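Residue numbering for the sequence shown follows my numbering, starting at 48 and increasing by one per position.
Heads up: the structure comes next, in structure tokens.
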Amino acid sequence: MYDLLTVIKGRKSVRTFDGRPVSAGDRERLEQYAQTIENPFGVPVRFAWLDAQEHNLSSPVLSGETLYVAGIVGKVPCADVAFGYSFEKLVLYAWSLGIGTTWIGGTMKREAFERAAGLSEGEMMPCVSPLGYPAGKRSIKETLMRKGVGADSRLPAEKLFFDGAWNESLPSEKQVPISNLIEMVRWAPSAVNRQPWRIVVSNNDFHFYEKRDKGYAGEKTGDLQKIDVGIALCHFTMGLEAQGKRAEVIAADPGLAVPDGVEYIATVRTLSP
Ligand SMILES: Cc1cc2nc3c(=O)[nH]c(=O)nc-3n(C[C@H](O)[C@H](O)[C@H](O)COP(=O)(O)O)c2cc1C
């Protein structure tokens, strides 16, 4: 397996591709890996591989892409967070092969993608991603987009990780032993780079919350910010796994007082070896 922290910190959304089709070998590796992807919520996520030309698919923010992957999930409890978790595993794996992706939840002709993906009743297709090889230089549009959302920066750990209670920043001596995990969470991608995840640390428990902004949830996409929390959870649990630590993802709401618009999502409990 690849070095996780390097892949996480090296990955950037890629919106300008060099126009080469994904090689048969890479396509096979991606499809095989996708079949192995699971999430802690036990919610199946299926992947549809869509040729851009065949289905006449495009996105106004992308150029040079020839292939897309659409993620599809049933409208069931925990669908959004499970979707975020599973789709991000594919995103990271793709990057480890040198294949660029961009989570796309908004900037696409949704109906065309849904039709091509064969979406059926009771399913939703929250996001898709292009798959391809990054061009040598970003388009001007892409460069401006990245500036607009501050894509090259992230919130500091103090704003994301709390010590036992809401908004009590985790002191630096408690950050040190988990500094790599913190970095992995910080560098997760999120819709409009809003980074809506917050984590309350309490002994062996890491309670993940969604700090919601307005305008990120819809019937077709689900709650994009829950998807973001699923992505952060994916980075965190993959990080623990890479460090050889045992952990489980469970529902263990500590019932802390939290402000309006903040919702408990799930707990990662580390277990003794
Ligand atoms: C759930 C989700 C939805 C997103 N939707 C879009 C989108 O519709 N169009 C787009 O250009 N980027 C989209 N993005 C990409 C984010 O803008 C990007 O991840 C963020 O700005 C951080 O930049 P980075 O991925 O290069 O680290 C989305 C990201 C996530 C996680």
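C-beta: ideal position from N, C-alpha, C; glycine also.
Nothing here was measured: the structure is a model prediction, and the numbers come from that model.
query: Pull the bridge partners of D127 from the DSSP assignment, please.; result: In DSSP, D127 forms no bridge with anything.
query: Based on the DSSP secondary-structure assignment, which residues constitute the bridge partners of W244?; result: E257
query: Could you check if K19 belongs to the surroundings of ligand 1, using beta carbon to heavy atom distance under 7 Å?; result: The first residue shown for the chain is 48 and the last is 320, placing residue 19 beyond what the model contains.
query: Which runs of the alpha helix (DSSP H) fall wholly inside the segment 153-241 and span at least 4 residues, in chain order?; result: 157-164, 187-196, 204-207, 219-222, 226-233
query: For L144, report the span of its alpha helix (DSSP H) as first-last.; result: No alpha helix (DSSP H) contains L144, which DSSP labels as neither H nor E.
query: Check whether the Cβ atoms of G131 and F64 lie closer than 8 Å to each other.; result: no
query: Between which two residues does the beta strand (DSSP E) holding T317 run?; result: 309-318
query: So, is L280 buried or exposed, given that buried needs 16 or more other C-beta atoms within 10 angstroms?; result: buried
query: Let me know if R58 comes out buried or exposed under the rule of 16 or more other beta-carbons within 10 Å of its beta-carbon.; result: buried
query: Within 10 angstroms of its Cβ, does I119 collect 16 or more other Cβ (buried), or is it exposed?; result: buried
query: Please state if the CB of L139 and the CB of I55 are separated by a distance shorter than 8 Å.; result: yes
query: State yes or no: is the C-beta of I187 nearer than 7 Å to some heavy atom of ligand 1?; result: no
query: Does DSSP put T83 in a helix, a strand or coil?; result: helix
query: For D73, which residues in the same chain have their Cβ closer than 7 Å to its Cβ, ignoring the five residues on either side in sequence?; result: L144, I146
query: Going by beta-carbon coordinates alone, are V276 and F255 separated by less than 8 Å?; result: yes
query: According to the Cβ coordinates, are A316 and A299 closer than 8 Å?; result: Here the sequence assigns Arg to residue 316, which means Ala is not the residue at that position. In contact: R316 and A299 (Cβ atoms closer than 8 Å).
query: Between Y115, R67, K184, which lies nearest to K156 when the distance is taken from Cα to Cα?; result: Y115
query: In terms of residue numbering, what span does the alpha helix (DSSP H) encompassing F283 cover?; result: 271-289
query: Around the C-beta of E161, are 16 or more other C-beta atoms found within 10 angstroms, so that it is buried, or is it exposed?; result: buried
query: Got a sec: does ligand 1 put a non-hydrogen atom nearer than 7 Å to the Cβ of G72?; result: no
query: Note down the Cα distance separating Q79 from T284, rounded to an integer number of angstroms.; result: 22 Å
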